[in-house]
Structures are given as structure tokens and as C-alpha cells.
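Counting in my numbering, the sequence shown runs from -5 upward without gaps.
Below: one structure, written as C-alpha cells.
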Amino acid sequence: MSIVNNHIPENTRKTVHKPAPYMNKQLKSAIYKKQMLHNKYLHAKSKKNWELYRQQRNLATKLRRQSIRNYFIERCTGGPKQKDFWPTIKPFLTNKGSHFDNNIVLCNNDEIINDQSNVAEIFNNYFVNVAKDIGNDNCEVDDNHPSIKSIRENCNVDGSLSFIEIKDDFVEKQINKINVNKATGFDGVSVKILKIAKPVIVKPITQLINMSIKSSEFPDDLKEAQVVPLHKKNSQLEAGNYRPVSILPVVSKFFERAIYQQLIEYFSKIFHPSLSAFRPGYGCNTALLKVIEDWKKAVDQNLYVAAVLMDLSKAFDCLPHNLLLLKLKAYGLSNEALNLIDNYLSNRKQCVKVGAYFSTWQNIYKGVPQGSILGPVLFNIFLNDIFNFVKENELYNYADDNTLSHSGPDLNGLVKSLEKESAVLIDWFANNKMKANPDKFQAIAVGNKSKSGNIKFNLDGNEILCDTEVKLLGVTIDYQLKFKTHISDICKKASRQLNVLKRIGKHLSKLGRLTIYHSYIMSNFNYCPVVWHFCGEGNTKKMEKIQERALRFIYEDFDSDYETLLLKSGLPSLKIRRLRMMAIETFKILHKESPVYLHDIINFKNVSYTFRKQQTVEIPQVRTTHFGLHSLRYAGATLWNELPDTIRAQTNLNQFKSMINNWNGNSCRCGSCRS
């Protein structure tokens, strides 16, 4: 850093309150004069004073509109390639990231705190101590712990894991692919500096990482985290409504990545197939697809279906290090590898940054740092044995979201089974020093048959009634699986963003308007679309109407019909887009490129003779329209069989995507096309 400061020193600037970005001297003077005349009118309400104020008000409004227009023209005329385009547009469409510029006000002990240094200190005390009292101190952490016994009984490990040293090209590759916009840690070494100095620092960093692996010591300087509080939801005055994100030194990511890759390779065969978070090829989309398809299949078979959605407190922050190390040992990590992980977790420190203010440093004794590379995989390892304790039901997991589901012909048996294994999981969380909140659990009974039973559960002394709809992984699911509320929510959000686009879009080029549409408005319809594709004709038309309104404004064409607008823009309808995504998901399932738990949804036909059409799949027998015909296992299979032979014959995913993106549907009347 002394070399960096000598050759490329930082420029220090005093932070000041930013006025409206379009504000200029002339407009500021006009607004001041308007306010002065308004005060004069309030003091003496005469016709002359009112007329003077009215004229100045109209002038200020005119200047404001001209200023806004000039502001956008100067910064956005060149379109998305212009440097100032996104910083200018983003604040109008989302408040994501705005916390870095705004002061945070907290309410602490019924006192409003707006001094930013005090706010930073309050946040740090809260984040460090929030999980202090979580965990059952009466549970012994030793080789007789239930989870350790379960791992040894159920996990057949061949050999053990010892971390091996890396080569220079590993560090060079990490420096090349890291984003230059990544935040800089407390050490002040930015990604840009590392990229500039790459020719001379690759070998030293490689040697340092290998020394760390060989000595089983993780450098203390790389354990110092600068924490930024991110607002999640509800009141911004409460520290509990903020999530701590750790900004670690950039170099620490290279150290962590070297360990991470070896851990992932080793645990890829150990992780339970239903563990969906932080794994390549897995995600919210695949986890939700599994849940919805299982529920639809069960309801289609005339079974009762219900699920309990579990709530945990500060799951990442309360992980006990000693129990995590015991689990790693049970999974087969060598003593040297354990010592390195132990050293990585111990002696960690953090301070909180709020604006330009920093809190004091405090030690961390529990949990894994959110924002690190190793944190998520260590959380998965810690949680992996929970599936060994579920015998009768299906457990769907994504990070700290756990959903326990059961289906069966007997309603009383369903309730007893879910109550029994919910109690087992509550005990598992307690034994693993995590905190479940049964009073905040949610439950849902799927299908009209299940709902008519008025199902309720008694969980740890709390009576949980089944809701008509619940929110799981960002998707609102109703008991009929029609997704009416979810579609309504995303349409409202898309409409608000479209209205913003209409206000600022008159100052933008056609390319700029189209880019904003794809980046913000379209993204609302791209989150897990296969999950809620069968949402009904009315909801489908509602979404298409938003796209039609957007295209009319972008192309300034208010006369052509929707089909003409789609041809002009080169875009498919939202329905065709979802069908393409369904075809891609079907391809992944058939060619085993999706998670294992989806592989049995759709299968190729297994016949010994040749059909006219090749690479076709089996069409399952179903009973109902909504839960049978309108399911991925049926509609996806039917859609696949209706694809042209040249598309079905592809074996490479990228080639398949390229071809399916030029496919605009067909005239078939399968379940997916009718919905």
C-alpha cells in the first residue's frame, strides 16, 4: 500500500448533501424567489402578490422541466454504452444500493439516533450480539451428539480431505475474472489495483496461499470485515430489520476460493440431493419446481396435501464453530484441514460502516460471515445431516428456508405425521444450537379437498392454522396453485416501473427505452416463470397487456395491433417466452443437467423399435386439468414431443437454447399451450 499511495494516491473529498441531480444555478435562484414571493403573499394576501407569486411559480416549473430534459439529454443520449446512463436511470427505478448515500436513523431505547457514528456503533453491537443467546446450552457438543452419530451412520466417506497447494495460474485466473466494481475491504486494496499489479503479485499471493494451506493458518489481516447494513423490510428505524453484509479484503477471496473449490469437489457426492442453495445448477427455480410438481402430482392422485413452512432466527449468525468442526471431522476432513477451517473461523473481527463513519472493532464468536465465499458452503455442510432425521415426509430446503410436506389418503394421518416430524426438526434445530420459531411457522393445505378439512397443527404448544396462501422463496403460492396474487404483485411492480419509464423515457432514445424495459420491467416476469406458468388465461392477458403498453411507448406506435408490435421489436409474447423456458427446463431434465430431484419428472420413451419421431418422451396419465394437464410433467412432456425433430435432436444445451429461441410456438392444443 505504501507503493500504491506513492504512485496512485487517493484524492480526499469532503462529503456534502447532494441536491437534486438536475439542479442548476438558474433553477435554484428561481425556486428561492418563488418561495420568497409565496411568503410575501401569505403575509399580505392581495391580488397583486398572488399574481407575482403565480408568474414566478410557473417560471420555476418551466425551468425545472427544461433542466430535467437537459439533464437526461446530456447523460443518456448515447444510450446504455454511455458512462452516465445507468447511474442516471437507476435511482428512478429502484432504491437498491441507495443506502450507501443516505443517512440512517435508528430508534434505540425510545430515543431517535441520527448521529451516524452512534448509528454505526448500535449496528455493530446488535450484529455481534444478536445470536449470543441463541442455542441450547444444555446440549453437549461431543462425539455423542445426535447429528455426529447420524453422519457416521448415513455417510459413507471414501478417504479423507486434505487441502492441496495451488499453482500460479489459479491466482491469475481469479484476478482476471473478479469484477472491478467489487467493493474494497478495510485494507484499501481494490480490485483495480490488483489487476494493474497482476504481473508482479501473482507469484507472491500464490506462495502466501500455499503457506496458509501448509501451516493451517488463515491470515488474521484477512479476517477483518467491514460490515454494511442492508435494509430488508418493515421499519427502517429498527436495527433488526437490516442484514449485515461483510465486505472482506479482496485478497481474502483468493484464499477462500482455493479452499472452497476443494471443499465443493469433496462434498459434491456427500450433499443431500434436496439441498438446493449455493450449489451449481441449483436455485430457487429448481427448488420451487420440485415443490409445486410434487404437490400437483399428489392432488391429481386425489390425496390430501399439506406443508409446514419453518421460520428460523439468524441462521447464519448462530452457527456454533465447535459443532461445525465436529461435523467436518465426521465427514472425513483431515486434522490439517480441520485446523485451517478452525483458524479461518476464529479471531474474526468486524466494524460497521455507515456512510463515512466507522464503528469500533469487535470480535465475532459465532456464525459464518455473510458476504464471504466459504460461508455458504460451510452453512450447507452444517445443515446437510438434517435430512437424515426426516423419515415419513418430504423436506424441501433452500438455505434457511425449510418446508416440510406430506401427502396421503388419510387426513388424520397427514396431520399426525407433520406434527411428529415438525417436532423432530424443532429438536434438531435446538440440538444444533439454532432457534426455530414455531409461533411464526406457516402452513398450507393444497387443493380443495385438503382445504375443506380445515386443517390445523399443534406444534410445540402453538396452534398453526393453514393459510390460503403463503410466500415461499419470493413466490406467493395459494392453495389452488393458481398464483393469482403473485401475478397481481408482479404486474403492479411492472406497471409502476413502466409509468416511471414513460415519465423519463421522452428524454431517452429508443435504444435507451428498450434497454430499461429489458433490464427492469421484463425482469419481473423472468423470475421462476415455469413455476407459475399455469396461472390462467386472465392473468396471462394481464401480463401481455403490460408488454403491449411498453412496446407502444418505446416505438411510439399507438395504432398497430400487438402482433405487429412484437414483429417490430423482434420479441416473443410473454407466453411464448415461458414456453421456451419450459422447453429448456425439459431439456435439462432429460439430459440430466438439472438437479437430481427433478430427473424423474420427465423421461424418454424406452422402446425397442423405431418411431417416425425420435427422442420423444413418455406422456403420463393424469386425472385432472389444473393439477394434471397443467403440470410440468405432463405439459412439458407434451410440448417436447411437439417440437421439431431438429430441435429435439440437440444434445448440447447452448445449441438447444439457440434453436429454441427462434421457435415461436405451434398450433398444438396441449395443456401448456391451452393455459
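Glycine included, each C-beta is placed from N, C-alpha and C at the ideal position.
Since this is a predicted model, take the numbers as computed values, not measurements.
message: Could you compute how far the alpha carbon of E159 sits from the alpha carbon of L216?
response: As a working note, residue 159 is residue 165 in the sequence shown. As a working note, residue 216 is residue 222 in the sequence shown. Cα to Cα, the separation comes out at about 19 angstroms.
message: Using a Cβ-Cβ cutoff of less than 6 angstroms, which residues in the same chain neighbour A631 once the five nearest sequence positions on both sides are dropped?
response: The residue you call residue 631 lines up with position 637 of the sequence shown. Answer for A631: I596, V611 and I613, listed in chain order.
- prompt: For the ligand ATP, any of its heavy atoms closer than 8 angstroms to the Cβ of K19?
  reply: This structure simply doesn't include the ligand ATP, nor any ligand for that matter.
task: Along the beta strand (DSSP E) that carries M304, what are the first and last residues, could you check?
output: Along the sequence shown, one-based indexing puts residue 304 at 310. Counting along the chain, the beta strand (DSSP E) containing M304 begins and ends at Y298 to M304.
- prompt: So what's R273 in DSSP terms, helix, strand or just coil?
  reply: To locate residue 273, count along the sequence shown from 1; it is residue 279. Coil, per DSSP.
message: For K197, report the span of its alpha helix (DSSP H) as first-last.
response: Stepping through the sequence shown from its first residue, residue 197 is reached at position 203. Run containing K197: K192 to S209, per the alpha helix (DSSP H) assignment.
field: Length of the line joining the Cα atoms of L242 and W355
entry: The sequence position of residue 242 within the sequence shown is 248, counting from 1. The sequence position of residue 355 within the sequence shown is 361, counting from 1. The alpha-carbon atoms of L242 and W355 are separated by roughly 14 angstroms.
field: Cα-Cα separation, N658 to L561
entry: In the sequence shown, residue 658 corresponds to position 664, counting from 1. In the sequence shown, residue 561 corresponds to position 567, counting from 1. Distance from the CA atom of N658 to the CA atom of L561, rounded to whole angstroms, is 11 angstroms.
- prompt: Are the C-beta atoms of S399 and some chain B residue less than 9 angstroms apart?
  reply: Of the chains in the structure shown, none is chain B; there is only one protein chain.
Which of helix, strand or coil DSSP assigns to G349: Counting from one through the sequence shown, the residue named residue 349 turns up at place 355. In the structure shown, G349 sits in coil (DSSP, three-state: anything other than H, G, I, E or B).
message: I need the straight-line Cα distance from H593 to K291, nearest angstrom please.
response: Here residue 593 is taken as the residue at index 599 of the sequence shown, counted from 1. Here residue 291 is taken as the residue at index 297 of the sequence shown, counted from 1. Taking the straight line joining both Cα atoms gives about 15 angstroms.
query: DSSP state of V371, grouped into three classes?
result: Start at 1 with the first residue of the sequence shown, and residue 371 comes out as number 377. The answer is helix: DSSP assigns V371 an H, G or I state.
message: Threshold first: 4 residues or longer. Then list the alpha helix (DSSP H) segments lying entirely within the stretch 6 to 39, N to C.
response: Fully enclosed alpha helix (DSSP H) runs of 4 or longer: 19 to 37.
Bridge partners - T397, DSSP secondary structure assignment: Numbered from its first residue, the sequence shown carries residue 397 at position 403. Paired residue(s): L303 and Y390.
- prompt: Can you tell me where the alpha helix (DSSP H) with Q436 in it begins and where it stops?
  reply: Position 442 of the sequence shown, counted from the start, is the residue given in the question as residue 436. Per DSSP, Q436 belongs to no alpha helix (DSSP H); it is in the beta strand (DSSP E), Q436 to V440.
- request: Evaluate the contact criterion for the stretch 298 to 305 versus the stretch 389 to 408: three or more CB pairs, one atom per stretch, below 8 angstroms.
  value: yes
message: For a test of the three-state rule: what should DSSP assign to P74, helix, strand or coil?
response: Here residue 74 is taken as the residue at index 80 of the sequence shown, counted from 1. Correct three-state label for P74: helix.
query: Who does G365 pair with in a DSSP beta bridge?
result: Indexing the sequence shown from 1 puts residue 365 at position 371. Per DSSP, none; premise fails for G365.
message: Please state the DSSP three-state secondary structure of R237.
response: Taking the sequence shown and counting its residues from 1, one reaches residue 237 at position 243. In this structure, R237 counts as strand in the three-state DSSP scheme.
message: Suppose the cutoff is 7 angstroms on Cβ atoms and the five residues either side in sequence are ignored; what does the same chain contact list for K599 look like?
response: Here residue 599 is taken as the residue at index 605 of the sequence shown, counted from 1. Closer than 7 angstroms at Cβ, skipping near neighbours: T610, V611 and E612.
task: Output the boundary residues of the alpha helix (DSSP H) element that contains K677.
output: The structure shown does not extend to residue 677, since the chain is modelled only from -5 through 669, so no value can be given for it.
- request: To the nearest angstrom, report how far apart F94 and L633 are at their CA atoms.
  value: As a position in the sequence shown, residue 94 is number 100, starting the count at 1. As a position in the sequence shown, residue 633 is number 639, starting the count at 1. In this prediction, F94 has a pLDDT of 48, which is less than 50 and means its spatial position is unreliable; what the coordinates show is noted afterwards. In a straight line, the C-alpha of F94 is about 47 angstroms away from that of L633.
message: On the criterion of 16 or more Cβ atoms from any shown chain inside 10 Å, does V601 qualify as buried, or is it exposed?
response: Taking the first residue of the sequence shown as position 1, residue 601 is located at position 607. So V601 counts as exposed.
- prompt: If H624 sits next to F528, beta carbons under 8 angstroms apart, how far is it from one beta carbon to the other, in whole angstroms?
  reply: Walking along the sequence shown from the start, residue 624 turns up at place 630. Walking along the sequence shown from the start, residue 528 turns up at place 534. Contact flag correct, Cβ pair sits at about 4 angstroms.
task: Could you work out which residue in R342, G369, Y351 and K586 is closest to I358 when comparing CA atoms only?
output: In the sequence shown, counting from the first residue as 1, residue 358 sits at position 364. The residue with the shortest Cα to Cα distance from I358 is R342.
message: Beta-carbon within less than 7 angstroms of V(-2)'s beta-carbon, same chain only, minus the 5 sequence neighbours each way: which residues are those?
response: Numbered from its first residue, the sequence shown carries residue -2 at position 4. So the list reads I187, once near-sequence residues are dropped.
- prompt: Are there 16 or more other CB atoms within 10 angstroms of the CB of P638, so buried, or fewer, so exposed?
  reply: Along the sequence shown, read from residue 1 onward, the residue named residue 638 stands at position 644. Exposed, by the Cβ-count rule.
message: Here's the rule I'm using: 16 or more other beta-carbon atoms within 10 Å means buried, otherwise exposed. How should N387 be labelled?
response: For the purposes of this step, residue 387 is taken as the residue at position 393 of the sequence shown. Buried: at least 16 other Cβ atoms inside 10 Å.
field: Beta carbon of Q344 nearer than 9 angstroms to that of F121
entry: Looking up residue 344 in the sequence shown gives position 350. Looking up residue 121 in the sequence shown gives position 127. Yes. Within cutoff.
task: Report the partner residues of H315 according to the DSSP bridge assignment.
output: As a position in the sequence shown, residue 315 is number 321, starting the count at 1. DSSP, once it has assigned bridges, lists no residue as partnering H315.
query: Under three-state DSSP, which class holds H93?
result: Against the sequence shown, residue 93 aligns to sequence position 99. Residue confidence for H93 is low, a pLDDT of 48 falling below 50, so the modelled location carries little weight; the figure read from the coordinates is stated next. H93 falls in the helix class under three-state DSSP.
message: Per DSSP, what are the beta-bridge partners of D472 in this structure?
response: As a first step, residue 472 must be located in the sequence shown, where it is residue number 478. DSSP output for D472 lists E463 as bridge partner(s).
task: Closer than 7 angstroms by C-beta to I258: which residues in its own chain qualify, once you throw out the five before and the five after it? Chain order, please.
output: Mapped onto the sequence shown, residue 258 falls at position 264. Around I258: V371.
query: Taking the beta strand (DSSP E) that F552 falls in, what are its first and last residues?
result: In the sequence shown, counting from the first residue as 1, residue 552 sits at position 558. From DSSP, F552 is part of no beta strand (DSSP E); its letter is neither H nor E.
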